[in-house]
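J.: Below is a structure I'd like to ask you about.
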Amino acid sequence: MTGVFGLLAATWAYLLANSDRFLELFREHLMLVFVSEAMAVAVAIPLGILATRNDRVKRVVETVGNVAQTVPTLAIIALMFPLLGLGFLPALVGLFVYALLPVLTNTIVGLENVDGGTVEAARGMGMSDWTILRKIRLPLALPVIFAGIRTSTVLNVGTAYLAFFIGGGGLGVWVIGGIQLFNTPQLIAGAVSGALLAVTLDGLLALAERRLGGEAGTGHAATS
Amino acid sequence: MIRFDNVHKRYSDGTHAVDGLDFEVEEGTTTVLVGPSGCGKTTTMKLVNRLEEPTDGTVYYDGTDVEALEATELRRRIGYVIQDIGLFDHMTVGENVATVPELKGWDADRTDERVDELLDLMGLPPGEYRERHPSDLSGGQRQRVGVARALAAGPDVMLMDEPFGALDPITREELQDEFIDIQREIDTTILFVTHDINEALKMGDRIAIMRDGKLVQYDTPTALLDEPKTKFVEEFVGPDRTLKRLRVLRVEEVMRPEVPDEYADIVDAFQGNDAVVADGGEIVPVAPTDSAQVALSRCIQAGVEALPVVEDSTVVGVVTESAIRNRQSEGA
Ligand SMILES: Nc1ncnc2c1ncn2[C@@H]1O[C@H](COP(=O)(O)OP(=O)(O)O)[C@@H](O)[C@H]1O
Ligand SMILES: [Mg+2]
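Heads up: the sequence lines are chains A and B, in that order.
Everything in the first sequence is counted per numbering that gives the first Met the number 0, starting at 0 for the first residue and increasing by one.
Everything in the second sequence is counted per numbering that gives the first Met the number 0, starting at 0 for the first residue and increasing by one.
Next up, the structure:
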């Protein structure tokens, strides 16, 4: 037991002694996650909408998605090196690619699962396709889309550790550096802070998701 | 108001859902399309608001080929109620009802006023229901919201596709009765779809019986009961036609607008009162729109030969048991 407490004490001491460096890495990590996630959302939602309106786009998206799932995470990050070189930007692009899929899948599923009768009623009342999308389909699909964003964000926090391999910075610097240098306090400081970040984001997004769900009325079973 | 001219609809999988339809829904009437499931009723209805396009023939709306009208514009002039209601669960009841007025660009005050008026009409006090979500309502209440939403912008035509089909029998009867009253007030052309012949007889001024995409008989409820044209119609209408005829026959069709001397005392006694007591029991008058069945059973209960017909608290005629019996046996 003293081993564990000793290690925690050593980690805490290491954090305090290197707080500037820690904040820098933590900020890099956050930047990697948020910017790549924002890019993923910005691309995945319109692409998902397009896929539900055009069968060819949908087939392409699904095929690429299935292939992408079989490629290891590290390989996607590593692939950025020959394409874009080293640094923050290639890491960002790698994370973006990786974050895209859950949001895209959920956008498609969410839009397709909107009740057919609801859409038909909207069309029958004289809403244009665009109005139906904006006022009916997207709001009703929002909880599902948001669940995709949440999954994607949490995964992204973990994936961002790999940015280190192509010089993207982030908490991976401490974790992988810690392994290589047998610096256990450094490794734990890097790993635990990322884990806490993932748990916190998950909780916050879950809270927001419940709010959305309540608003969209999907929290209640429809009676008929 | 709506005319089908040799209309065909073949779906891309080859199903010939509508097969040469030729008939007209007259302005101000409630026309009921009735027939077994899969005979093409829903398809026929969707051809009117252009949710489907005919593969042959023409559908006219108020004299104009619907293909020549802008689809969204046309739909905003037509109220549409479907069986699974299709309420927008992410919006409040009030927002649901406001849908078409908003699409038409009504200003907020006018829309709000209209929403409240309609919720009142449908027996959903706005103060209590406007801000609620559809998912908190019962099936009957949801369908009321569906009807209010379809009526919101004062449509010229209402399309109602099995609107009460998913409700339990008691709620269904309730909504049918209410809707018959509303129908008299709003004076809109209604095309109503059902697979239930009793509902058709109850709701319709005209009944169009469909089978395999074709119209097999188009008549008033009474004519349909009196003279079913084919064996199919006869079977579809069912066995107890005498009783059904009593239900569809309205008092105004058999009443005498003048009061013969022999009944003068019954009528005189009645003027200004709600009900009078006769030898056998209480005489409760009937309205012109009541069914002959109601009139007959009240005659029998009170032990009288005739009943006053009352509209807006004035006697407008008498209806006699013998007149009803005569009409009842005519077509049998
Ligand atoms: N979109 C569609 N594609 C192919 N066949 C259809 C489609 N919609 C309806 N049908 C078929 O057309 C026929 C008539 O359907 P419908 O108009 O819904 O009948 P009803 O409303 O009288 O039950 C049925 O055989 C049905 O299976
Ligand atoms: Mg149908």
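Note that the Cβ used here is the ideal one computed from N, Cα and C, for glycine as well.
Computed from a predicted structure; not experimentally measured.
Rank 174(B), 117(B), 289(B) and 168(B) by C-alpha distance to the C-alpha of residue 150(B) and give the top, closest one.
T.: Within the second sequence, residue 150(B) is the residue found at index 151, counting from 1. Ranking the options by Cα distance to residue 150(B), first place goes to 117(B).
J.: Under 9 Å between the Cβ atoms of residue 76(B) and residue 154(B)?
T.: Position 77 of the second sequence, counted from the first residue, corresponds to residue 76(B). Position 155 of the second sequence, counted from the first residue, corresponds to residue 154(B). Closer than 9 Å, so yes.
J.: Along the stretch 102–131 of chain A, what residues have a CB closer than 7 Å to any CB found in chain B?
T.: 116, 117, 119, 120, 122, 123, 124, 125, 126 and 127
J.: Please report whether the beta-carbon of residue 89(A) lies at a distance below 9 Å from any beta-carbon of chain B.
T.: Mapped onto the first sequence, residue 89(A) falls at position 90. Cβ-Cβ to chain B under 9 Å: no for residue 89(A).
J.: Using a beta-carbon distance below 9 Å, is residue 171(B) in contact with chain A?
T.: For the purposes of this step, residue 171(B) is taken as the residue at position 172 of the second sequence. False, the Cβ-Cβ gap to chain A never drops below 9 Å.
J.: Residues of chain A with CB closer than 8 Å to the CB of residue 14(B), please, in chain order.
T.: As a working mapping, residue 14(B) is identified with position 15 in the second sequence. Within chain A, no residue comes near residue 14(B); the closest Cβ sits about 18 Å away, beyond 8 Å.
J.: What's the call for residue 173(A), buried or exposed, on a 16-neighbour Cβ count within 10 Å?
T.: Along the first sequence, one-based indexing puts residue 173(A) at 174. Per the 10 Å Cβ criterion, buried.
J.: Just to confirm before moving on: does the CB-CB distance between residue 67(A) and residue 96(A) stay below 9 Å?
T.: Position 68 of the first sequence, counting from 1, holds the residue named residue 67(A). Position 97 of the first sequence, counting from 1, holds the residue named residue 96(A). Yes, Cβ-Cβ distance for residue 67(A) and residue 96(A) is below 9 Å.
J.: Determine the burial state of residue 230(B): buried for a count of at least 16 other Cβ atoms within 10 Å of its Cβ, exposed for fewer.
T.: By 1-based counting over the second sequence, the position of residue 230(B) is 231. When all chains shown are included, residue 230(B) counts as exposed.
J.: So with CB distances below 7 Å, who are the chain B contacts of residue 135(A)?
T.: Here residue 135(A) refers to the residue found at position 136 of the first sequence. Near residue 135(A) (Cβ distances below 7 Å), the residues of chain B are 87.
J.: Identify every residue that forms a DSSP beta bridge with residue 218(B).
T.: Residue mapping note: residue 218(B) aligns to position 219 of the second sequence, counting from 1. The partner list for residue 218(B) (beta bridge, DSSP) reads 206(B).
J.: If I'm right that residue 161(A) touches residue 147(A) with Cβ under 8 Å, what's the distance once you round it to whole angstroms?
T.: Residue numbering aside, residue 161(A) sits at position 162 when the first sequence is read from its first letter. Residue numbering aside, residue 147(A) sits at position 148 when the first sequence is read from its first letter. Between residue 161(A) and residue 147(A), the beta carbon gap of about 21 Å keeps them out of contact (Cβ cut-off 8 Å).
J.: Is the shortest distance between the beta-carbon of residue 7(A) and the beta-carbons of chain B less than 9 Å?
T.: On the first sequence, residue 7(A) is found 8 positions in, with the first residue counted as 1. Closer than 9 Å: no.
J.: Distance, Cα to Cα, residue 13(B) vs residue 19(B)?
T.: As a first step, residue 13(B) must be located in the second sequence, where it is residue number 14. As a first step, residue 19(B) must be located in the second sequence, where it is residue number 20. For residue 13(B) and residue 19(B), the distance between alpha carbons rounds to 15 Å.
J.: Pick helix, strand or coil for residue 228(B), following the three-state DSSP scheme.
T.: Within the second sequence, the letter at position 229 stands for residue 228(B). In the structure shown, residue 228(B) sits in coil (DSSP, three-state: anything other than H, G, I, E or B).
J.: With a cut-off of 8 Å on the beta carbons, I'd call residue 80(B) and residue 202(B) a contact; round off their distance for me.
T.: In the second sequence, the residue the question calls residue 80(B) occupies position 81. In the second sequence, the residue the question calls residue 202(B) occupies position 203. That pair is no contact at about 13 Å.
J.: One question on the structure: do residue 121(B) and residue 147(B) come within less than 9 Å of each other, judged by their Cβ atoms?
T.: Here residue 121(B) refers to the residue found at position 122 of the second sequence. Here residue 147(B) refers to the residue found at position 148 of the second sequence. Contact flag set, yes.
J.: What would DSSP say about residue 15(B), mapped onto helix, strand or coil?
T.: Within the second sequence, residue 15(B) is the residue found at index 16, counting from 1. Strand.
J.: Ordered along the chain, which non-local residues of its own chain (more than five positions away) have a Cβ less than 8 Å from that of residue 249(B)?
T.: Position 250 of the second sequence, counted from the start, is the residue given in the question as residue 249(B). Cβ within range, chain order: 287, 288, 289, 290 and 291.
J.: For a contact defined as C-beta to C-beta under 7 Å, what are the partners of residue 98(B) on chain A?
T.: By 1-based counting over the second sequence, the position of residue 98(B) is 99. Chain A residues near residue 98(B): 124.
J.: Is residue 160(B) near ligand 1, judged by its Cβ being under 8 Å from some heavy atom?
T.: Against the second sequence, residue 160(B) aligns to sequence position 161. Yes.
J.: Go through its chain and collect everything with a Cβ distance to residue 35(A)'s Cβ below 7 Å, but skip five positions before and after it.
T.: Translated into the one-based positions of the first sequence, residue 35(A) becomes position 36. Within the same chain, residue 35(A) has close Cβ partners 91, 94, 95, 98 and 155.
J.: I need the DSSP call for residue 305(B), collapsed to helix, strand or coil.
T.: The residue you call residue 305(B) lines up with position 306 of the second sequence. In this structure, residue 305(B) counts as strand in the three-state DSSP scheme.
J.: Is the closest heavy atom of ligand 3 to the C-beta of residue 38(B) under 8 Å?
T.: Of the ligands one can find in the structure shown, namely ligand 1 and ligand 2, none is ligand 3.
J.: On the three-state DSSP scale, how would you describe residue 111(A)?
T.: Here the question's residue 111(A) lines up with position 112 in the first sequence. Helix.
J.: Count Cβ pairs between the stretch 44–52 of chain B and the stretch 62–77 of chain B that sit closer than 8 Å; are there 3 or more?
T.: Verdict: yes, contact present.
J.: Using a C-beta to C-beta distance shorter than 9 Å, which residues of chain B count as neighbours of residue 138(A)?
T.: As a first step, residue 138(A) is located in the first sequence; it is residue number 139 there, counting from the start. Chain-ordered, the chain B residues with CB closer than 9 Å to the CB of residue 138(A) read 87, 89 and 90.
J.: Return yes when the C-beta of residue 194(B) is under 8 Å from any heavy atom of ligand 1, and no when it is not.
T.: For the purposes of this step, residue 194(B) is identified with residue 195 of the second sequence, where counting begins at 1. Correct: residue 194(B) has its Cβ closer than 8 Å to ligand 1.
J.: In chain A, what lies closer than 8 Å to residue 79(B) by C-beta?
T.: Residue mapping note: residue 79(B) aligns to position 80 of the second sequence, counting from 1. What residue 79(B) touches in chain A: 120, 123 and 124.
J.: Can you list, in chain order, the residues of its chain with a C-beta nearer than 6 Å to that of residue 309(B)? Leave out the 5 residues immediately preceding and following it.
T.: Counted from its first residue, the second sequence places residue 309(B) at position 310. Hits under 6 Å: 284.
J.: Using 10 angstroms around the beta-carbon of residue 110(B), count the other beta-carbons present and answer buried if the total reaches 16, otherwise exposed.
T.: Taking the second sequence and counting its residues from 1, the one referred to as residue 110(B) is at position 111. Buried: at least 16 other Cβ atoms inside 10 Å.
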